[in-house]
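In this note's numbering, the protein residues as written are 90 to 176.
For glycine and all other residues, C-beta sits at the position ideal for the given N, C-alpha and C.
Report on the following structure.
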């Protein structure tokens, strides 16, 4: 089972790499319990703790900028995001 904090950390990462309104809305509701600043600080701590080579997975191979490197990515949601090619 995941905690609200765990979900908030996941949404913080996904909202910055996949700019969909859904992730921003989920993050908004999460911040009713935990502040965005607290989530960001927790994400930085988690990143420091699990940033070793042995902690990486296939999603760490990409070179995309993350919310850790650039918190302003959270402001880009839905600028050009499309759900699929047919929509």
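Which of helix, strand or coil does DSSP assign to residue i?
i	result
residue 99	helix
residue 107	coil
Exposed or buried, residue i, counting other C-beta atoms within 10 Å across all chains shown (16 or more means buried)?
i	result
residue 158	exposed
residue 132	buried
residue 116	buried
residue 128	buried
residue 165	exposed
residue 98	buried
Here's a check: name, in chain order, each residue in its chain whose Cβ is nearer than 6 Å to the Cβ of residue i, leaving out the five neighbours to either side.
i	result
residue 112	100, 103 and 104
Apart from the five residues on each side of it in sequence, which residues of its chain come closer than 7 Å, Cβ to Cβ, to residue i?
i	result
residue 163	104, 105 and 156
Which same chain residues, not among the five before or five after residue i, have their C-beta less than 8 Å away from its C-beta?
i	result
residue 95	none
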